[in-house]
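Numbering (my numbering), first residue to last: 2 to 313. Here is the structure we will look at, set down as structure tokens.
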DNA sequence: CTTTTTCCCTGGACGC
DNA sequence: TGCGTCCAGGGAAAAA
């Protein structure tokens with residue numbers, strides 16, 4: 002599932018390759034992709050535009066265009082943004098290679114034509130930017146500058162790898178909230194970009210229980226959570242993201258973060274810190290993995306018993 | 001207001 | 001081999 006590290010990995014790959022390129026033509030193959038916008042409107046808005054920048058906000062990838070508008074994309078569960086180089090630039094034609102016994106894993110992309118392509122953009126250097134998505138949850142919208150700001154601001158909170166994320170800010174966001182820490186981290190309006198994988202990994206690093214109420218965090222807990230979030234996301238970035246199921250980077254390659262998971266998907270396996278078996282529970286409808294020994298549950302802060310003033 | 005649940009969607013895993 | 005059922009989960013919307 003693409004989260005901040007996966008989207009940022011794609012962004013870093015695309016930036017040097019497509020900035021300055023003109024989108025000669027855009028084709029939306031699945032009308033769901035642009036909902037609630039009509040596909041034709043998005044196609045028209047993209048055709049002829051030059052890409053000025055490749056940005057990211059939370060899990061959104063943003064192509065800034067030369068007329069002040071932007072293509073805002075979200076990969077959701079199974080989306081992939083693939084940059085396919087033109088064939089005459091040396092890449093073997095798709096489908097022309099056979100699998101050999103000792104072929105590396107990255108050969109996979111040369112063998113198979115991307116499936117479930119929902120949108121395609123032809124660039125002026127002959128390359129193609131494809132949005133492929135099995136489950137069709139992914140989205141692509143074109144917004145004007147002002148609309149873009151509002152759109153993002155209404156959905157996203159702090160950027161966790163910026164100066165904005167401090168222990169004090171976490172404390173402010175969590176104050177008074179009874180929702181489990183796991184839900185707190187998944188809520189994009191608080192801290193943006195964290196999904197199911199990195200929430201588990203961050204909480205383990207911070208030695209916090211996923212079911213502890215967010216409002217139970219003390220200053221020291223907030224600082225450990227901040228550090229845990231940063232460490233988990235940076236580990237993901239170093240590994241080029243986690244390819245648990247469908248995630249591939251812009252070149253069709255896999256990330257390796259899944260080999261470094263401390264707790265996620267490791268139910269029944271020993272905690273790498275203390276050896277205790279990793280436990281799985283469902284929180285907010287999501288599989289949640291943690292070490293019951295390292296990650297102690299905090300008690301819900303009892304609301305101050307306010308004595309009624311003036312009571313006889 | 002906050003929190004939880006439901007829904008969207010498809011392919012792969014599993015049981016018979 | 002084939003068919004039915006269940007599951008995964010980001011985020012929006014509905015329900016509690």
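From the three backbone atoms N, C-alpha and C, an ideal C-beta is built for every residue, glycine too. Remember, it's a predicted structure, so these values are computed and weren't measured experimentally.
Host beta strand (DSSP E) of residue i (start-end)
i           : result
residue 75  : 71-75
residue 27  : 24-29
residue 287 : 287-291
residue 231 : Segment 220-239 is the alpha helix (DSSP H) holding residue 231; no beta strand (DSSP E) there.
Residues that residue i bridges to, as DSSP identifies them
i           : result
residue 81  : 133
residue 120 : 29 and 132
residue 56  : 63
residue 280 : 291
residue 271 : 278
residue 51  : 23
residue 214 : 181
residue 140 : 75
When the options are compared against residue i, the one with the closest alpha-carbon
i           : options               : result
residue 143 : 20, 39, 268 and 273   : 39
residue 201 : 251, 232, 57 and 240  : 232
residue 16  : 75, 253, 63 and 177   : 63
residue 139 : 55, 30 and 198        : 30
residue 28  : 116, 123 and 169      : 123
residue 247 : 19, 45 and 80         : 80
residue 163 : 150, 83, 192 and 147  : 192
residue 55  : 11, 279 and 42        : 11
residue 239 : 224, 299 and 255      : 255
residue 114 : 75, 20, 196 and 252   : 252
residue 60  : 280, 51, 150 and 196  : 196
residue 158 : 83, 174, 148 and 146  : 174
residue 204 : 179, 136, 132 and 234 : 234
residue 35  : 237, 53, 141 and 75   : 141
residue 120 : 147, 75, 152 and 149  : 75
residue 135 : 126, 118 and 264      : 118
residue 265 : 153, 281, 58 and 126  : 281
residue 133 : 228, 85 and 236       : 85
Buried/exposed call for residue i, threshold 16 Cβ in 10 Å
i           : result
residue 270 : exposed
residue 250 : buried
residue 169 : exposed
residue 283 : exposed
residue 105 : Interpretation of residue 105 is limited by its pLDDT of 40, a score under 50 that renders its predicted location unreliable; no figure is taken from the coordinates.
residue 7   : buried
residue 219 : exposed
residue 9   : buried
residue 277 : exposed
residue 296 : buried
residue 37  : exposed
residue 311 : Here the model assigns residue 311 a pLDDT of 41, short of 50, so the residue's position is not dependable, and the following value carries that caveat. Burial call: exposed.
residue 190 : exposed
residue 167 : exposed
residue 4   : buried
residue 68  : exposed
residue 242 : buried
residue 222 : buried
residue 267 : buried
residue 184 : buried
residue 65  : buried
residue 244 : buried
residue 179 : exposed
residue 50  : buried
residue 26  : exposed
residue 46  : buried
residue 145 : exposed
Residue range of the unbroken alpha helix (DSSP H) whose run includes residue i
i           : result
residue 205 : 197-206
With a floor of 4 residues, list each alpha helix (DSSP H) that falls wholly inside the stretch 142-192, ordered by position along the chain. 146-154, 168-175 and 182-187, all fully within the stretch 142-192.
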